[in-house]
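Residue numbers (the numbering used here), protein chains in the order written: chain A, 78 to 286; chain B, 78 to 286. Report on the following structure.
Number of protein chains: 2
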Amino acid sequence: MQSRTPATRASGRPRSVEADAAILAATREALVELGWSKLTLGDVATRAGVAKTTLYRRWAGKNELVVDAVAELFDELALPDRGTLAADIEGVVLQFAAILARPEARSGLMAVVAEGTRDEALRERIRESIVTRQKRLVVEGRARAQARGELPPENDPVEAARTVDLIFDVVAGAVVHRTLVSAEPADEEWVRDFTRVLLLGLKGASQAG
Amino acid sequence: MQSRTPATRASGRPRSVEADAAILAATREALVELGWSKLTLGDVATRAGVAKTTLYRRWAGKNELVVDAVAELFDELALPDRGTLAADIEGVVLQFAAILARPEARSGLMAVVAEGTRDEALRERIRESIVTRQKRLVVEGRARAQARGELPPENDPVEAARTVDLIFDVVAGAVVHRTLVSAEPADEEWVRDFTRVLLLGLKGASQAG
DNA sequence: TGGTTTCGCTACGAGTCGTAGCGTAATGGC
DNA sequence: GCCATTACGCTACGACTCGTAGCGAAACCA
């Protein structure tokens, strides 16, 4: 969200919260129908039933708007305890794949990542509202696995952070690449194969490392 | 390349091959300076020293042009025999990371992938000119490792193809995610960690699988 | 030389961008 | 209840990009 509660709580007409929701929903709708490149802010404003100027008062541009619209999709990710590390990984990967199967996520996410390569502020916004927020799933899953004895406890916190980053890049990267580049579904069969390789790699690395 | 030799070999003034090279180089230059969204075909034509109409006669639009411009960057990938599977993987991953460190690859590649989510023809073009062409590296590396005895020979060709696809998605996906989303360099330390996990996963999976 | 295709150039309507200006609506402070 | 303040809807605007059409000149082949 770009519209934070201002520090200087001034008087005046408050911003319509319904408008925020309507704009983000309209953005996702436009992403589905038009894709990122053909999406125009004027069209989004019309769909949302607000004036174009209202939209520009809240978001700096198309990139920021799409990041917020897409970020909401990833908030539904959760990590229910399925008993084993393998089951936990398979579960969250399938959830992630389900989100990426939605057209508004596919076109929107990759487009803003592409734009982010040339815009540090946008990259930070993506990290803050999408990436870092989901990295907690990896941390949580590891903690559970260590509590179960499936993975050895980590004593060096720096090493642990590096491992979490590595796992996150491998999991998210593989699913994204499978879905968007190879354009094949990350179905249960694929997830099972992937989880087996990842799990053996993690257990082996922690033994030998 | 979109400009194939026409089946009907007609007479007339031939297309300038220098123009093709100049346009693709100008496209990469514009990608560096402007990024994908601010890149205009008129600007590319000016940089290349050709008329805008010439550019439109050869490429259908921005997407196709950028795919061709980026595809050339990946042709330099090779797989010299470094003696062990681990060394081979580390070598090719570092090469891949070096390409993705270049700004024209970063913004261009992700942008066309994003557009490809809504354009089957473009997806096919990407697969043909970039993805499939590099998948040979995985096939080659596996064959070498099997010849060395580092990996067991694969008897089921269907299973082998699935494994190759999986490895390709994991390797390419992890490097891309590390570089473009996490925005951290895929340096030697990271590549070493990644290779160790992947290798243990592959060896373990082939033993248990 | 004639036929064919590409070339550079100019011009065009259509569409989008982001902003400015204006009057109106909805708040909080007094 | 009145006023200052802020958000809203609406219109209009210059600037830019798009993709195409039309033209004469250039470069090839027979």
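Just so it is clear, CB atoms sit at the ideal spot from N, CA and C, and this is done for glycine as well. Computed from a predicted model, the values in this text were never measured in an experiment.
Ranking A:Glu-181, A:Val-189, A:Ala-174, A:Ile-166 by CA distance to the CA of A:Val-216 puts A:Ile-166 first. Residues of chain A whose Cβ lies closer than 9 Å to the Cβ of B:Gly-281 are, in chain order, Arg-273, Val-274, Leu-276, Leu-277, Gly-278, Lys-280, Gly-281. A straight line joining the alpha-carbon of A:Val-144 with that of A:Gly-185 spans about 8 Å.
Within chain B, no C-beta atom comes less than 7 Å from the C-beta of A:Gly-218; the nearest is roughly 15 Å away. In the DSSP assignment, A:Thr-131 falls within the unbroken alpha helix (DSSP H) covering 129-135.
Among the residues of chain A, those whose CB is under 7 Å from the CB of B:Ser-184 are Ala-191, Thr-194, Arg-195, following chain order. DSSP, read as helix, strand or coil, puts B:Pro-234 in helix. Taking a 10 Å sphere around the C-beta of B:Thr-209, we find fewer than 16 other C-beta atoms and assign the residue as exposed. Residues of the region 245-269 of chain A with a Cβ closer than 8 Å to any Cβ of chain B, in chain order: Phe-245, Asp-246, Val-247, Ala-249, Gly-250, Ala-251, Val-252, Val-253, His-254, Arg-255, Leu-257, Val-258, Ser-259, Ala-260, Glu-261, Trp-267. Between the alpha carbons of A:Arg-202 and B:Leu-150 lies a gap of roughly 29 Å. Ranked by how close their Cα comes to the Cα of A:Asp-233, the residues A:Phe-245, A:Arg-225, A:Ser-283 have A:Ser-283 in first place. Proximity to B:Gly-138 across B:Gly-160, B:Leu-177, B:Ala-198 peaks at B:Ala-198, based on C-alpha coordinates. Pairing A:Gly-112 with B:Glu-141 gives a Cβ-Cβ distance that is not under 9 Å. Using beta-carbon distances, B:Arg-200 counts as an interface residue toward chain A, with a partner under 9 Å.
At a cut-off of 9 Å between beta carbons, B:Ile-166 makes no contact with chain A.
Rounded to the nearest whole angstrom, the C-alpha separation of A:Val-109 and A:Gly-218 is 32 Å.
In the displayed model, A:Leu-142 falls within a helix according to three-state DSSP. Among the residues of chain A, none has a CB under 7 Å from the CB of B:Ala-163; the nearest is roughly 12 Å distant. For B:Thr-123, the enclosing alpha helix (DSSP H) covers residues 118-125. A:Ser-114 reaches chain B at Glu-192, counting residues in chain order whose Cβ is nearer than 7 Å. One Cα belongs to A:Arg-255, the other to A:Glu-261, and the distance between them is close to 6 Å. Between B:Tyr-133 and B:Leu-118, the C-beta spacing is below 9 Å. Within the region 230-243 of chain A, those residues whose Cβ lies closer than 9 Å to any Cβ of chain B are, in chain order, Arg-239, Thr-240, Asp-242, Leu-243.
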